[in-house]
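Peer 1:
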Amino acid sequence: MITLKDIDKVYRTERVETLALHNINLDIAQGEFVSIMGPSGCGKSTLLNLVGLLDKPTTGTLTLDGQKINGAGDKVLARMRNEKLGFVFQSFHLVPDLTVLDNVEIPLLYRRMTAADRRKNALAALDRVGLGSRVHHFPTQLSGGQQQRVAIARAIVGKPSIVLADEPTGNLDSAMGDEIMSILEELNSKDHTTIVMVTHDDRFAERTSRTVRLFDGRQVA
Amino acid sequence: MRNTSLKLAFKVLARRKVFTAISLVGITLTLVILMVVAAIFDNTFGAAAPESRIRRMLFVRTVGQYGPNSSNTSNPGYGFLQRTIRNLPGAENVSIYGEASTAVIYDKGRRIEAQMTRADGAYWQILDFRFVEGGPYSAADDESDRRVVVLSETLRDKVFGGKGVIGRSLNIVGSNYRVVGVVAPVAATRIAAWSEMYAPIGALTAEERAAFMGHFNGLVLARSRGDIARLQREFASRVAREPIKDPKEYKEIRASLDTPFEAFARQITGNREQHPALIVGSIFAGLTLLFMSLPALNLITLNLSRIMERAPEIGVRKAFGAPRRALVMQFIAENIVLTLIGGAIGFILSIVMLRALEASGVVPDAHLSINLRIFLYGIVIAVVFGVFSGAYPAWKMSRLHPVDALRGGSL
Chain A
1 MITLKDIDKV YRTERVETLA LHNINLDIAQ GEFVSIMGPS GCGKSTLLNL
51 VGLLDKPTTG TLTLDGQKIN GAGDKVLARM RNEKLGFVFQ SFHLVPDLTV
101 LDNVEIPLLY RRMTAADRRK NALAALDRVG LGSRVHHFPT QLSGGQQQRV
151 AIARAIVGKP SIVLADEPTG NLDSAMGDEI MSILEELNSK DHTTIVMVTH
201 DDRFAERTSR TVRLFDGRQV A
Chain B
222 MRNTSLKLAF KVLARRKVFT AISLVGITLT LVILMVVAAI FDNTFGAAAP
272 ESRIRRMLFV RTVGQYGPNS SNTSNPGYGF LQRTIRNLPG AENVSIYGEA
322 STAVIYDKGR RIEAQMTRAD GAYWQILDFR FVEGGPYSAA DDESDRRVVV
372 LSETLRDKVF GGKGVIGRSL NIVGSNYRVV GVVAPVAATR IAAWSEMYAP
422 IGALTAEERA AFMGHFNGLV LARSRGDIAR LQREFASRVA REPIKDPKEY
472 KEIRASLDTP FEAFARQITG NREQHPALIV GSIFAGLTLL FMSLPALNLI
522 TLNLSRIMER APEIGVRKAF GAPRRALVMQ FIAENIVLTL IGGAIGFILS
572 IVMLRALEAS GVVPDAHLSI NLRIFLYGIV IAVVFGVFSG AYPAWKMSRL
622 HPVDALRGGS L
């Protein structure tokens, strides 16, 4: 499903060159729940951004669903992100001007779909995360856990085959973190959605099927 | 998609009140001034009674003789106009009328100064004045040198104090004139129609009848707009055949059969320019663009800072598959909504401004209103303004790297 081969990622500024990832080789099969762990600054989020097509590797090849990504243009990448990927961010990144329902509809705005169908799918996704009664609330009217559930609904509304979660429990207390983890587990087990999750928390990493460990940009396990 | 963009646009504007207010003030002021100027322009050059057929009207208002050392420019004389505009092929009608000049009315010991235009009978056929009393004088009145006069409603009220003046006598510059008609007031900006009283040209001396230069204007009504170029060519060839009275001093005669805007531009630039309308039109367009670009630049700066505020949202949209084009369109749509709101406020303020201008009498007898044409100008100006000030920030926004945008962005 996801293959990274000999991936290096170098960030260059005028003066400094930083090797963020070096020689990453990784295969993630469909339906896997993989966690990525490592100390701060080791390249976890960089790796997730590469898998999420938000950034491009400096060298190496990235294959997603059998399609080589290297050299793909903005349009192709945008379509792949829209159809195959869903994102959950540590700080939720909900649009404050939009209601919960409008936020969840965002990925569907970039598909050929009627407004009625968008609404139907968004409501179903919100029901799935237990927020069917909060559809007309604004993000600031919700707790952190509820906001992250909205973010998960937004990530799954387009039925992507891969969900990428960047420390989804990082801003939540342990009870709420458990709740979010349970939703992700259910997604993985019931829908066979491939999940790649960056986490600092061993308890949550233990609940995934495999853990990739990074240290100073290198894959150590 | 479109509904959501619009909905978001309104929400963004409502939430960022300070930004919205500052932007709206800039947009509204610009639009008010542009719409007031457009209304005055329309009041001058737009088709409206008594110049309803202005798009088919052509004018000869200047004639000049030019030599290496001297030049002589004036209104055309009666003779020159007779020779150059009578029986032009493609002309529906032709009139000769004088430049409005001050005449004195003596009435029961009062001395009233008013602008008087002398015009032939065809003048009343080409221009569709609205008569509130009586009617126009005829070509026969002009040929027979009858002392008849048509007054503007404003002058009638000033002299007689109200209605019922047809047949009454009026002493103008020592001669008694019979009032035959009263017309509704005409704006002072109207190139051919404005005056306070109108009388026949009447008897002219033989010298005046043949004069090359004088104080007259020629007015030609083309059969159709398609005939205008042909009329202008034929007029030019007739001018070329005019004999130069003093060939030692002057080598060339210049006169043009101008559209109203050309005639206006020729007055500003003098008679030396070949394409006065192009020069004056370019200056107007340049000034408008300059005037619009100042608030537009302000809005661009505000928009760029607003983008930074919204960088995470842009990152999210990109992460969920928004292509650049969709983001550009969304941002431009937001900007157009803002400028259209500014346009609506500007539209209302323009009406207020125009009423105040009318009441002030700066442009005598002007009826400055916002008609459908001005409204459409306003909409076009607002949309152009919206696209102009939104396009660059939108383009910058669409190029934000998604990872940078999610972190808060840097342009």
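Chains as they are written, first to last, in the working numbering: chain A, 1 to 221; chain B, 222 to 632. Cβ atoms here follow ideal geometry from the backbone N, Cα and C, with glycine treated the same way.
With distances taken between CB atoms, is the gap from G298 of chain B to A432 of chain B smaller than 8 Å?
Peer 2: yes
Peer 1: Using a Cβ-Cβ cutoff of 8 Å, what residues of the stretch 46–61 of chain A are near chain B? List them in chain order.
Peer 2: Taking 8 Å as the cut-off between beta carbons, the residues of the stretch 46–61 of chain A near chain B are N49, G52, L54, D55, in sequence order.
Peer 1: Which residues in chain A sit within 8 Å of P614 of chain B, going by Cβ to Cβ distance?
Peer 2: Simply none; closest approach about 18 Å.
Peer 1: So is P107 of chain A in contact with chain B if we call contact Cβ pairs under 8 Å?
Peer 2: Chain B, which has a Cβ nearer than 8 Å to the Cβ of P107 of chain A, makes this yes.
Peer 1: Per DSSP, what kind of secondary structure is G355 of chain B in: helix, strand or coil?
Peer 2: strand
Peer 1: Is Y398 of chain B helix, strand or coil when you go by DSSP?
Peer 2: strand
Peer 1: Across which residues does DSSP place R487 of chain B in a beta bridge pair?
Peer 2: Note: R487 of chain B sits in no beta bridge, so no partner.
Peer 1: Just the chain A side, please: which residues come within less than 8 Å of V549 of chain B by C-beta, in chain order?
Peer 2: Those do not exist, as V549 of chain B stays about 12 Å from chain A at its closest Cβ, beyond 8 Å.
Peer 1: Skipping 5 residues on each side, what residues in its chain have a beta carbon closer than 6 Å to that of E354 of chain B?
Peer 2: I387, V403
Peer 1: Going by beta-carbon coordinates alone, are E470 of chain B and G288 of chain B separated by less than 8 Å?
Peer 2: yes
Peer 1: Going residue by residue through the stretch 120–183 of chain A, where are the continuous alpha helix (DSSP H) segments of at least 4 residues, counting only ones entirely within it?
Peer 2: Whole alpha helix (DSSP H) segments, 4+ residues: 144–156.
Peer 1: Output, in sequence order along the chain, the residues in the stretch 527–546 of chain B whose CB is closer than 9 Å to any CB in chain A.
Peer 2: Going along the stretch 527–546 of chain B in chain order, one finds R531, P533, E534, G536, V537, R538, K539, A540, F541, G542, A543, P544, R545, R546 with a Cβ nearer than 9 Å to chain A.
Peer 1: Terminal residues of the continuous alpha helix (DSSP H) containing K44 of chain A?
Peer 2: 44–51
Peer 1: Which residues, in chain order, does the stretch 147–172 of chain A contribute to contact with chain B at a C-beta distance below 7 Å?
Peer 2: none
Peer 1: Mind pulling the chain A residues with CB within less than 8 Å of K232 of chain B?
Peer 2: D97, L98
Peer 1: Within the 8 Å Cβ cut-off, does L229 of chain B reach chain A?
Peer 2: yes
Peer 1: Using CA coordinates, which residue listed in B:V233, B:K228, B:S226, B:L227 is at the minimum distance from N524 of chain B?
Peer 2: B:V233
Peer 1: Would you report the Cα separation of K21 of chain A and K617 of chain B, rounded to the nearest angstrom?
Peer 2: Looking at the sequence shown, residue 21 of chain A is not Lys but Leu. Whole-angstrom Cα-Cα distance: 29 Å.
Peer 1: Taking DSSP as the reference, what is the three-state secondary structure of Q551 of chain B?
Peer 2: helix
Peer 1: Which chain B residues are close to D74 of chain A, counting only those with a beta carbon under 8 Å from its beta carbon?
Peer 2: P544, R545
Peer 1: Using CA atoms only, rank isn't needed, just tell me which of A:E206, A:F215, A:M197 is closest to I28 of chain A.
Peer 2: A:M197
Peer 1: Quick check on M418 of chain B: does DSSP put it in helix, strand or coil?
Peer 2: If DSSP states are grouped into helix, strand and coil, M418 of chain B belongs with the strands.
Peer 1: P297 of chain B bridges to which residues according to DSSP?
Peer 2: Answer is B:M434, bridged to P297 of chain B.
Peer 1: Looking at the unbroken beta strand (DSSP E) that takes in V34 of chain A, where does it start and where does it end?
Peer 2: Unbroken beta strand (DSSP E) run through V34 of chain A: 33–37.
Peer 1: Please specify which runs of the beta strand (DSSP E), each continuous and at least 3 residues long, are wholly inside the stretch 188–219 of chain A, giving them in chain order.
Peer 2: Taken in chain order, the complete beta strand (DSSP E) segments of 3 residues or longer contained in the stretch 188–219 of chain A are 194–198, 210–215.
Peer 1: For chain A, find out if any of its Cβ atoms is closer than 8 Å to the Cβ of M222 of chain B; answer yes or no.
Peer 2: Caution applies to M222 of chain B, whose pLDDT of 49 falls short of 50 and renders its modelled position unreliable; the value that the coordinates give is listed next. Yes - at least one Cβ of chain A is within 8 Å of the one on M222 of chain B.
Peer 1: Look at E579 of chain B and L589 of chain B and say whether their C-beta atoms are less than 8 Å apart.
Peer 2: yes
Peer 1: Would you kindly work out how many angstroms separate the C-alpha atoms of N296 of chain B and V601 of chain B, rounded to a whole number?
Peer 2: 38 Å
Peer 1: Skipping 5 residues on each side, what residues in its chain have a beta carbon closer than 6 Å to that of T46 of chain A?
Peer 2: K9, A20, L21
Peer 1: Please list, in chain order, the chain B residues whose beta carbon lies closer than 7 Å to that of F215 of chain A.
Peer 2: In chain order: nothing, as chain B lies at least about 22 Å away.
Peer 1: Taking the straight line between their C-alpha atoms, what separation do you get for G382 of chain B and L376 of chain B?
Peer 2: Approximately 9 Å between the Cα atoms of the pair.
Peer 1: On the three-state DSSP scale, how would you describe K68 of chain A?
Peer 2: strand
Peer 1: Hey, does A125 of chain A have any beta-carbon neighbour from chain B nearer than 8 Å?
Peer 2: No, A125 of chain A does not count as interfacial toward chain B.
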